[in-house]
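**Student:** A single structure is presented below for examination.
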Amino acid sequence: MQKPLMELLEKLFIYSSKQLQETLRKRALEERAGDFGPTKQEQQQRQHYSQLKKKKTTSKTKRTNNPKWPPIKNRLNLRMEQCCDVIAGGLRLVLDDEVTSRFAAAQPPAGEWNLLTRNLREKKRRLNLRLRLIWLAAWLLRYVLLLPVRAIGCSTCVVVIAIATALLGLLPDWPFKRPVVEYVLRQCFRLTASCIPVMMRFHNLENRPTLGISVCNHTSPLDVLVLMCDVHYSLTGQRHDGILGILQRSLVRASPHMWFERRALGEREALALLLRLHVGANDRPPILIFPEGTCINNTAVMQFKKGSFTVSNVVYPVAVRYDRRFGEAYWDSTRYSMLRYMLMVISSWCITCDIWYLPPVFKLPDETSIDFSNRVKAAIAAQAGIDDLPWDGNLKRWSPVRDWQ
1 MQKPLMELLE KLFIYSSKQL QETLRKRALE ERAGDFGPTK QEQQQRQHYS
51 QLKKKKTTSK TKRTNNPKWP PIKNRLNLRM EQCCDVIAGG LRLVLDDEVT
101 SRFAAAQPPA GEWNLLTRNL REKKRRLNLR LRLIWLAAWL LRYVLLLPVR
151 AIGCSTCVVV IAIATALLGL LPDWPFKRPV VEYVLRQCFR LTASCIPVMM
201 RFHNLENRPT LGISVCNHTS PLDVLVLMCD VHYSLTGQRH DGILGILQRS
251 LVRASPHMWF ERRALGEREA LALLLRLHVG ANDRPPILIF PEGTCINNTA
301 VMQFKKGSFT VSNVVYPVAV RYDRRFGEAY WDSTRYSMLR YMLMVISSWC
351 ITCDIWYLPP VFKLPDETSI DFSNRVKAAI AAQAGIDDLP WDGNLKRWSP
401 VRDWQ
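As structure tokens, then:
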């Protein structure tokens with residue numbers, strides 16, 4: 001059922017893109033040919049402009065013939081123009097740097113449109129009547145039919161997870177507890193993914209992690225949902241409030257998860273000790289870590305924190321790549337709350353992604369933790385087909401350039 005719907009959406013996107021290109025081509029031809037000719041208002045404006053131009057030329061000749069008039073451009077004006085050009089070029093480089101653009105939702109390719117509302121403003125002037133009707137029908141389908149159904153389904157799944165984890169937490173620590181917890185939580189996460197919905201394709205299942213530390217590039221909280229649908233992990237991350245906080249407190253009742261406060265040095269040191277103890281135990285699930293420390297818009301992988309690579313000499317990389325044609329998965333936590341982000345996700349067509357399990361990477365004898373993390377980061381970026389950048393992702397939290405944009 002999912003495959004025919006995806007093919008239908010792809011055909012609809014291709015049709016809308018062709019219609020946009022056709023309207024742009026027609027308008028360009030009309031502007032070049034000038035079939036309709038200038039209107040009366042345009043003729044009056046042209047006459048007024050020609051009269052002003054004649055007055056300026058006559059006054060200019062008078063000034064040039066009169067030696068008392070000073071030159072139009074002196075040295076100070078030339079210097080100021082040169083300085084302004086340099087300043088404008090520097091500001092252009094600052095605004096168009098390769099780092100700041102990774103902290104906002106990536107723009108769709110030129111000439112493509114997926115009929116989503118958030119991309120309508122920049123294409124509103126290019127739509128013909130047929131495309132406007134298609135967009136209106138798509139808007140009614142997503143917001144009137146799909147959004148309420150998905151919102152009810154996701155809310156029900158949150159309640160189900162909270163109740164299930166509370167019941168699982170009451171089980172004694174016997175050998176059968178871990179398989180039961182893994183099975184129940186996997187089904188809960190799969191049910192939640194189907195309510196959004198999230199279309200997942202897993203690759204290289206022979207490299208699926210079963211213990212140790214697994215690292216992954218980070219785009220949004222959906223990464224956890226997607227990965228937990230296939231493998232049960234022990235999660236680590238920043239302690240949150242709201243909906244995320246409810247889920248964090250629920251999950252920790254049933255399985256060993258580690259939440260901490262990023263700014264508390266004592267909690268970070270305690271986390272390192274807990275990670276070593278967890279890795280040393282053979283009866284614990286693998287640990288899922290996002291070494292970037294923040295969400296990036298899935299066009300690049302940024303600097304990995306070295307703390308995750310000092311705990312163990314073996315790391316299991318996972319690469320996640322989202323297809324933004326059907327919906328944007330990136331969460332800009334500095335601009336949108338979790339509730340608004342979820343509304344944006346469930347009002348999209350769907351979320352599609354590919355997950356690759358990479359072979360385990362071993363630390364070399366003379367390799368430092370920084371070099372080890374860079375090697376793992378390069379492998380993830382190469383597999384996902386995205387850029388490998390050396391910059392720290394935490395620049396997102398104190399970047400003034402985004403306000404200028």
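According to UniProt numbering, the sequence shown is numbered sequentially starting from 1. Beta carbons: idealized from backbone N, C-alpha and C, even for Gly.
In terms of residues, what are the limits of the alpha helix (DSSP H) holding I165?
**Tutor:** Counting from one through the sequence shown, the residue named residue 165 turns up at place 165. The residue you asked about is not Ile; residue 165 is Thr in the sequence shown. L147 to G169 is the extent of the alpha helix (DSSP H) around T165.
**Student:** Hey, could you find the ends of the alpha helix (DSSP H) T310 is sitting in?
**Tutor:** Translated into positions along the sequence shown, residue 310 becomes position 310. No alpha helix (DSSP H) holds T310; DSSP gives it neither H nor E.
**Student:** Tell me the residue span of the alpha helix (DSSP H) that contains R276.
**Tutor:** Reading the sequence shown from its first residue, position 276 is the one you call residue 276. Looking at the DSSP string, the run of the alpha helix (DSSP H) that includes R276 is L265 to G280.
**Student:** Rounded to whole angstroms, what is the Cα-Cα separation between K26 and A300?
**Tutor:** As a position in the sequence shown, residue 26 is number 26, starting the count at 1. As a position in the sequence shown, residue 300 is number 300, starting the count at 1. Their Cα atoms are separated by approximately 37 Å.
**Student:** Report the CB separation of L331 from P221 in whole angstroms; it is logged as a contact under 8 Å.
**Tutor:** What you label residue 331 is simply residue 331 of the sequence shown in a count that begins at 1. What you label residue 221 is simply residue 221 of the sequence shown in a count that begins at 1. Correcting the residue identity first, residue 331 is Trp in this sequence and not Leu. Right, their Cβ atoms sit about 6 Å apart.
**Student:** Using 8 Å for Cβ pairs, my map puts T310 next to S369. What's the rounded Cβ distance?
**Tutor:** Mapped onto the sequence shown, residue 310 falls at position 310. Mapped onto the sequence shown, residue 369 falls at position 369. 5 Å between Cβ atoms; contact.
**Student:** Specify the secondary structure class of A378 as computed by DSSP and reduced to three states.
**Tutor:** Translated into positions along the sequence shown, residue 378 becomes position 378. Three-state result, A378: helix.
**Student:** Per DSSP, V198 is paired with what?
**Tutor:** On the sequence shown, residue 198 is found 198 positions in, with the first residue counted as 1. Per DSSP, I351.
**Student:** Going by DSSP, what residues sit across from P317 in a beta bridge?
**Tutor:** Locating residue 317 in the sequence shown gives position 317, counting from the first residue. In the DSSP output, where bridge partners are listed per residue, P317 has V215.
**Student:** Could you check the C-alpha separation between G385 and I196 for me, to the nearest Å?
**Tutor:** Position 385 of the sequence shown, counting from 1, holds the residue named residue 385. Position 196 of the sequence shown, counting from 1, holds the residue named residue 196. Approximately 25 Å between the Cα atoms of the pair.
**Student:** I289 to S308, Cα distance in whole Å?
**Tutor:** Counting from 1 along the sequence shown, the entry for residue 289 is found at position 289. Counting from 1 along the sequence shown, the entry for residue 308 is found at position 308. So the two alpha carbons sit approximately 7 Å from each other.
**Student:** Give the DSSP-derived three-state secondary structure of F326 in the structure shown.
**Tutor:** One-based indexing of the sequence shown puts residue 326 at position 326. Here F326 sits in coil by DSSP.
**Student:** In chain order, what residues of the same chain have a beta carbon less than 7 Å from the beta carbon of A106, not counting five sequence neighbours either side?
**Tutor:** The residue labelled residue 106 in the question sits at position 106 within the sequence shown. Result list for A106: N297, T299 and R324, in chain order.
**Student:** With a threshold of 6 Å on Cβ separation, who are the neighbours of E112 within its own chain once the five nearest residues in sequence on each side are excluded?
**Tutor:** Locating residue 112 in the sequence shown gives position 112, where the first residue counts as 1. Excluding positions up to five away in sequence, the list reads S17.
**Student:** Enumerate in chain order the residues of its own chain whose CB-to-CB distance from F326 is below 6 Å, with the five nearest sequence positions on each side excluded.
**Tutor:** If you number the sequence shown from 1, residue 326 lands on position 326. Answer for F326: W349, C350 and T352, listed in chain order.
**Student:** Sorted by chain position, which residues of the same chain lie with C-beta nearer than 8 Å to Y336's C-beta, five sequence neighbours on each side aside?
**Tutor:** Locating residue 336 in the sequence shown gives position 336, where the first residue counts as 1. These residues qualify, in order along the chain: M344.
**Student:** For K363, which option in L395, P390 and P317 has the closest C-alpha, if you only look at C-alpha atoms?
**Tutor:** Reading the sequence shown from its first residue, position 363 is the one you call residue 363. Considering only alpha carbons, the answer is P317.
**Student:** Pull up the CB-CB distance for I287 and S214, whole angstroms please, since I reckon it's below 8 Å.
**Tutor:** Here the question's residue 287 lines up with position 287 in the sequence shown. Here the question's residue 214 lines up with position 214 in the sequence shown. Indeed they touch by this definition, with Cβ atoms about 7 Å apart.
**Student:** Suppose you measure from the CA of V159 to the CA of D241; what does that come to, to the nearest Å?
**Tutor:** Your numbering for residue 159 matches position 159 in the sequence shown. Your numbering for residue 241 matches position 241 in the sequence shown. Computed Cα separation, rounded: 16 Å.
**Student:** Does the beta-carbon of S155 have 16 or more other beta-carbons within 10 angstroms, so that it is buried, or is it exposed?
**Tutor:** Locating residue 155 in the sequence shown gives position 155, where the first residue counts as 1. Exposed is the call here.
**Student:** Measuring straight from C-alpha to C-alpha, what distance separates A270 and L277?
**Tutor:** Looking up residue 270 in the sequence shown gives position 270. Looking up residue 277 in the sequence shown gives position 277. Taking the straight line from one Cα to the other gives about 11 Å.
**Student:** Considering only their Cβ atoms, is the gap separating S312 from G237 smaller than 7 Å?
**Tutor:** For the purposes of this step, residue 237 is taken as the residue at position 237 of the sequence shown. For the purposes of this step, residue 312 is taken as the residue at position 312 of the sequence shown. No.
**Student:** Label R263 either buried or exposed according to how many other C-beta atoms from any shown protein chain fall within 10 Å of its C-beta, with 16 as the threshold for buried.
**Tutor:** Reading the sequence shown from its first residue, position 263 is the one you call residue 263. Looking at its Cβ environment, which holds fewer than 16 other Cβ atoms inside 10 Å, R263 is exposed.
**Student:** Here's a check: name, in chain order, each residue in its chain whose Cβ is nearer than 7 Å to the Cβ of A138, leaving out the five neighbours to either side.
**Tutor:** The residue labelled residue 138 in the question sits at position 138 within the sequence shown. Taken in chain order, the residues that qualify are L115.
**Student:** Between V231 and P256, which are expected to be in contact by the criterion C-beta below 8 Å, what is the C-beta distance as a whole number of angstroms?
**Tutor:** Translated into positions along the sequence shown, residue 231 becomes position 231. Translated into positions along the sequence shown, residue 256 becomes position 256. The pair is not a contact, with the Cβ atoms about 15 Å apart (cut-off 8 Å).
**Student:** To which residues of the same chain is K377 closer than 7 Å at the C-beta, ignoring the five residues directly before and after it?
**Tutor:** For the purposes of this step, residue 377 is taken as the residue at position 377 of the sequence shown. Closer than 7 Å at Cβ, skipping near neighbours: V301, F304 and D388.
**Student:** According to DSSP, simplified to helix, strand and coil, what is W135?
**Tutor:** Residue mapping note: residue 135 aligns to position 135 of the sequence shown, counting from 1. The answer is helix: DSSP assigns W135 an H, G or I state.
**Student:** How far does the beta strand (DSSP E) with L288 in it extend, from its first residue to its last?
**Tutor:** Numbered from 1 along the sequence shown, position 288 holds the residue referred to as residue 288. It spans I287 to I289 - the beta strand (DSSP E) in which L288 sits, taken as one unbroken run.
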